[in-house]
Amino acid sequence: NMELPLKDEL
Amino acid sequence: MNIFRLAGDMTHLMSVLVLLLKIHTIKSCAGISLKTQELYALVFATRYLDIFTDFISVYNTIMKLIFLGSSFSIVWYMRRHKLVRRSYDKEQDTFRHFFLVLPCLLLALVMNEKFTFKEVMWAFSLYLEAVAILPQLVLLQRTKNIDNLTGQYVFLLGAYRAFYIFNWIYRYFTEPHYVHWITWISGLVQTLLYADFFYYYFNSWKNNVKLHLPA
């Protein structure tokens with residue numbers, strides 16, 4: 025499954 | 002990381018520190034909406050679910066802990082601390098924040114990047130953050146005299162998201178496939194909600210008069 029990019033923002 | 006995002010995070014941090022300073026030193030939360038503080042605690046609790054699963058950077062983890070710790074301790078101060086709670090304006094702070102939480106939750110169930118618990122909670126936290134300031138803005142309209150620290154708190158809180166908008170524009174043009182419509186629209190709505198406050202805040206600063214919002 026297409027992994028979503030990590031949420032790197034606060 | 003870019004200068005806009007760093008400026009945004011530092012402004013956000015300052016807003017929290019200004020509020021903690023006010024509550025901790027003069028033991029007063031006059032003019033502060035407990036409803037907004039509770040909504041912010043919920044925003045951080047649902048936004049940072051990944052704090053122990055996804056490690057981004059030391060900076061990211063430390064900032065998340067600061068925002069979680071400060072938002073929950075502010076709620077604790079306003080609810081439990083015998084001196085601070087006395088200055089809480091219960092009669093004026095009557096915004097029913099349940100009517101903000103429910104629509105945001107329903108919207109998050111429909112509009113999200115992926116229908117998983119974490120992604121729905123993440124979208125919910127963005128929608129909720131966009132409207133979390135409403136009880137505070139309503140309270141400011143009701144309480145005539147807005148003290149400087151409260152005015153600075155709301156101003157910094159609005160300014161941080163404005164910096165983030167520049168950060169999103171910068172990242173859109175510098176990083177391929179950087180598209181987050183949910184974040185962008187929520188952040189834009191959030192900043193627009195502060196527009197009239199900014200207008201009156203800037204005028205009170207320019208004319209060097211006390212900040213006063215029209216009824």
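If you read the sequences in order, they're chains A and B. Residue 25 is where the first sequence starts when you use the numbering used here, and the numbers rise one by one after that. Residue 2 is where the second sequence starts when you use the numbering used here, and the numbers rise one by one after that. Even glycine gets a Cβ: it sits at the ideal position worked out from N, Cα and C.
Rounded C-alpha distance that separates residue 112(B) from residue 209(B) = Put simply, the backbone Cα of residue 112(B) is about 44 angstroms away from that of residue 209(B).
Contact check, residue 79(B) vs residue 87(B) under 8 angstroms by CB: the rounded distance?
-> 10 angstroms between Cβ atoms; not a contact.
Buried or exposed: where does residue 59(B) fall if 16 or more other Cβ atoms within 10 Å of its Cβ makes it buried?
-> With fewer than 16 other Cβ atoms from the protein chains shown falling within 10 Å of its own Cβ, residue 59(B) counts as exposed.
Can at least three beta-carbon pairs, one atom from the segment 32 to 50 of chain B and one from the segment 125 to 137 of chain B, be found at a separation below 8 angstroms?
-> Of all C-beta pairs linking the segment 32 to 50 of chain B to the segment 125 to 137 of chain B, three or more are shorter than 8 angstroms, placing the two stretches in contact.
Whole-angstrom distance between residue 28(A) and residue 7(B), CA atom to CA atom = Rounded to whole angstroms, the gap between the alpha carbons of residue 7(B) and residue 28(A) is 23 angstroms.
Hey, out of 125(B), 211(B) and 213(B), whose CA is closest to residue 186(B)'s CA?
-> Checked all of 125(B), 211(B) and 213(B); the closest Cα to residue 186(B) is 125(B).
Residues within the segment 64 to 92 of chain B neighbouring chain C, beta-carbon criterion of under 8 angstroms | Although the question refers to chain C, the structure presented lacks it and instead comprises the protein chains A and B.
Relative to the C-alpha of residue 57(B), which residue among 72(B), 2(B), 42(B) and 98(B) is closest?
-> Measuring from the Cα of residue 57(B), the nearest candidate turns out to be 2(B).
Proximity below 8 angstroms, CB of residue 102(B) to CB of residue 110(B) = For residue 102(B) and residue 110(B), no; Cβs fall outside 8 angstroms.
Quick one: which unbroken beta strand (DSSP E) runs of 3-plus residues sit fully inside the segment 20 to 85 of chain B? Chain order, please.
-> Segments of the beta strand (DSSP E) lying fully in the segment 20 to 85 of chain B: there are none.
Mind checking the segment 112 to 132 of chain B against chain A and listing, in chain order, the residues whose C-beta falls within less than 8 angstroms of any C-beta there?
-> For the segment 112 to 132 of chain B, the set of residues with a beta-carbon nearer than 8 angstroms to any beta-carbon of chain A comprises 114, 115, 120 and 123, in chain order.
Chain A contact residues for residue 61(B), given Cβ-Cβ distances below 9 angstroms = Contact note: residue 61(B) reaches chain A through 32, 33 and 34, using a C-beta cutoff of 9 angstroms and chain order.
Taking only the alpha-carbon atoms, compute the straight-line gap between residue 55(B) and residue 62(B) and give it to the nearest angstrom.
-> Rounded to the nearest angstrom, the two C-alpha atoms are 10 angstroms apart.
Quick one: complete alpha helix (DSSP H) runs, 4+ long, within the segment 126 to 162 of chain B?
-> Restricting attention to alpha helix (DSSP H) runs no shorter than 4 residues, the segment 126 to 162 of chain B encloses them at 135 to 143, ordered along the chain.
Using a C-beta to C-beta distance shorter than 7 angstroms, which residues of chain A count as neighbours of residue 148(B)?
-> By Cβ distance, chain A contributes nothing, its closest Cβ being about 28 angstroms from residue 148(B), past 7 angstroms.
Just to confirm, are residue 52(B) and residue 14(B) a CB contact at a threshold of 8 angstroms?
-> Taking 8 angstroms as the cut-off, the Cβ atoms of residue 52(B) and residue 14(B) do not count as close.
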